[in-house]
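See below for the structure under consideration.
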Amino acid sequence: MDKLKAANLYQSELIPVSGKLVDRYNKCLKTLGFKETNLSSFSIDGVGWSPEIAEEKADVQYLNHGDANPHGIIISPLQKGKPVYLPFHSFDREMMRHVFRTHGQKISDITRDSAICIDFDQDIDAYYEPLDILKYDDVSITFRLIDDLNKVQAEQLQLVDQFTTGHNFIDEDLQKQLLDSAKTYGDLRNRDLNLHSLHYTVSSFYSRAFGGVYVLKDFVKTIVVFEDKTAYESSINDSLHDVLVYHINQPELIRKLEDYQIISYDLEAVVGTKRYDRIKKYYFSQFVNKPEHSYEEILESKSLFRSYLNKLTIEDRKKVMGVELYLEKIAKSNAFKKEDLIDQSLFFGLLDPHSSLNPHDRDLIHQLLINISPLDVLFLYWYDKEQFYLSYQDWDDTLRDWVIGIIRNNIE
2 MDKLKAANLY
12 QSELIPVSGK
22 LVDRYNKCLK
32 TLGFKETNLS
42 SFSIDGVGWS
52 PEIAEEKADV
62 QYLNHGDANP
72 HGIIISPLQK
82 GKPVYLPFHS
92 FDREMMRHVF
102 RTHGQKISDI
112 TRDSAICIDF
122 DQDIDAYYEP
132 LDILKYDDVS
142 ITFRLIDDLN
152 KVQAEQLQLV
162 DQFTTGHNFI
172 DEDLQKQLLD
182 SAKTYGDLRN
192 RDLNLHSLHY
202 TVSSFYSRAF
212 GGVYVLKDFV
222 KTIVVFEDKT
232 AYESSINDSL
242 HDVLVYHINQ
252 PELIRKLEDY
262 QIISYDLEAV
272 VGTKRYDRIK
282 KYYFSQFVNK
292 PEHSYEEILE
302 SKSLFRSYLN
312 KLTIEDRKKV
322 MGVELYLEKI
332 AKSNAFKKED
342 LIDQSLFFGL
352 LDPHSSLNPH
362 DRDLIHQLLI
372 NISPLDVLFL
382 YWYDKEQFYL
392 SYQDWDDTLR
402 DWVIGIIRNN
412 IE
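If you're matching positions, the sequence shown starts at 2 in our numbering and goes up one per residue.
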């Protein structure tokens, strides 16, 4: 991952945590019912997740009590606007934006000397079967302060009331209680420590529960798409829910998404785009075996591209150039079917969310499509960084250079 780190493409916006912040983070872990970390320093993202602690605990979802009960930790106002690098749900980023939009000023004040534990509660104690995921509808976001600081504030205010009543100011025991509280927690009289609960209404979403599942609402009929074969097979015979259930690798899923106007495609329009160019080049790289040149050179030089293309078998050559071959043939005759000339994975990689979708649903469908056919390395980086990092480890070193260049050229 060194090249990605050097290019600021690998968890580059994490917040370093050390010193007293470690103690506060551990108090949050304990408050939420998790074991404390033994690390003296680490880093966190926008929701308080740490890759170092995840590695220490050998559990990337160490802030969850099962699939149904995720949590978050805020120890710094610097978490505002930071990425959520491993969201359990696709709406986690938006929930954190909601939290900081509503309570940003209070968070800045509280985290001067305290920390905030977050419960994302949807009134589900646990999942028992995959379609329980349909219960996810409205999330209640509640907050707890470490050391019960809001309760300490109430006690401190009560002591102040006692102190200012009658001649109680001469009560040495009362004086000591006030001083001890002030030394331990500071003067809490004029601080606003009340973080009222927030609500977030869930529309279509992705969840890591049950090995990964998409829930597509507000269409002709709700569609549930499972990444895990076992979860899918245990749900297909369900008769209690009026939904359509698919496994992510079923071609029938694509046809249904097209029927419901959730996805669309225009091969003639896409061929001349940068997106098609990078998809075709990455797809082509999978057919190149033991090249004498770097992948950067092969994919960026027309002459080298053609040279290596002509070294492929005719069958593989047709796969790489399938879209152009199809468009050439249908320009002369309607007798040809795209299924006969375009490889399925390449065709799926060129699909788009339907133009009628709202921005939230477009992003979700982009993620679904890139999980179905991960041929667009830029979209893979944007919409599924975890899978991108896994794929990156298997790539030739010079292919990594080409991919990094593609991403950098599209974000700078």
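Built from N, CA and C at the ideal position, the CB exists for glycine as well.
Can you grab the Cα-Cα spacing for the pair residue i / residue j, in whole Å?
i	j	result
S77	S109	7 Å
A116	K21	11 Å
S346	S374	6 Å
G323	Y384	26 Å
Y247	T112	45 Å
E413	K303	Summary for E413: the model assigns pLDDT 49, below 50, so the residue's position carries little reliability, and this model does not support an answer.
F89	P71	8 Å
R145	C118	5 Å
L40	I315	56 Å
K124	H197	Checking the sequence, you will find Asp at residue 124 rather than Lys. Rounded to whole angstroms, D124 to H197 spans 18 Å at the Cα level.
L132	N311	49 Å
I343	V23	54 Å
L30	I237	38 Å
R256	D397	35 Å
D395	D3	14 Å
N410	S356	25 Å
Y266	D353	6 Å
L381	I405	12 Å
Q12	K6	8 Å
D219	L351	24 Å
S44	V18	5 Å
D139	I75	22 Å
L358	L379	21 Å
D260	G105	43 Å
F349	L194	51 Å
K107	K339	58 Å
K58	Y390	20 Å
T202	S392	34 Å
N290	Y296	11 Å
Measure from the alpha carbon of residue i to the alpha carbon of each residue in the options, then state which is nearest.
i	options	result
A55	D353, E37 and T103	E37
L313	E301, A332, P292 and L245	P292
F306	I315, K319, R145 and S286	S286
F101	H90, K330 and L79	L79
Y137	G273, I147, S392 and F121	F121
K282	Y266, Y309 and Y261	Y309
R276	G105, D341, I407 and N335	I407
N250	A7, L381 and K230	K230
Q368	S235, S205 and D148	S205
I371	Y296, E340 and I280	I280
H66	A8, S44, T32 and P252	T32
R25	H294, D364, L194 and D114	D114
D341	K319, T202, K28 and N9	K319
L365	F35, S334 and R94	R94
E325	K107, E253, W50 and T274	T274
D278	K339, L300 and E57	L300
H361	F92, K28 and A8	F92
R363	K28, L10, Q262 and N9	Q262
Going by beta carbon distance, what residues of the same chain come within less than 7 Å of residue i, once the five residues before and after it are set aside?
i	result
D1	Residue numbering for the chain in the displayed model covers 2 to 413; residue 1 lies beyond these limits and cannot be assessed.
L199	H99, V100, T103 and I142
L258	I264
I53	This sequence places Glu at residue 53; Ile is not what is there. Answer for E53: L40, F43 and S44, listed in chain order.
Within its chain, find whatever has a CB closer than 8 Å to the CB of residue i; leave out the 5 residues flanking it on each side and keep chain order.
i	result
L135	V216, T223, V225, H242 and V244
M97	G47, V48, G73, Q80 and V85
E387	L87
L328	L268, E269 and V272
F337	Y327, K330 and I331
P252	Q345
Near residue i, what residues of its chain come up, given a Cβ to Cβ distance below 6 Å and the 5 sequence neighbours on each side ignored?
i	result
V321	F285
F288	L313 and D317
D68	Y128 and A210
F227	V214, Y233 and H248
D239	L132
Does the ligand SAM have even one heavy atom less than 7 Å from the beta-carbon of residue i?
i	result
L5	In terms of ligand content, the structure shown is empty, and the ligand SAM therefore cannot be addressed.
May I ask you to verify whether the segment 394-408 touches the segment 238-246, counting CB pairs closer than 8 Å and requiring at least 3? no
Can you confirm whether the segment 204-224 touches the segment 60-76 when touching is taken to mean that 3 or more C-beta pairs between the two stretches lie within less than 8 Å? yes
Where in the segment 204-252 do unbroken runs of the beta strand (DSSP E), each at least 3 residues long, occur, reported from the N-terminal end onward? List check, beta strand (DSSP E) in window: 206-208, 214-217, 224-227 and 245-248.
At which residue ranges does the segment 11-84 contain complete alpha helix (DSSP H) runs of 4 or more residues, listed in the order of the chain? List check, alpha helix (DSSP H) in window: 21-32 and 52-58.
Give, in chain order, every unbroken run of the alpha helix (DSSP H) that is at least 4 residues long and sits entirely within the segment 77-128. 93-111
If we require 4 or more residues per run, which alpha helix (DSSP H) segments fall completely within the segment 287-352? 296-301, 303-310, 315-321, 323-331, 339-342 and 345-350
Runs of 4 residues minimum, wholly inside the segment 353-405: which ones carry the alpha helix (DSSP H) assignment? 360-373, 378-384 and 386-395
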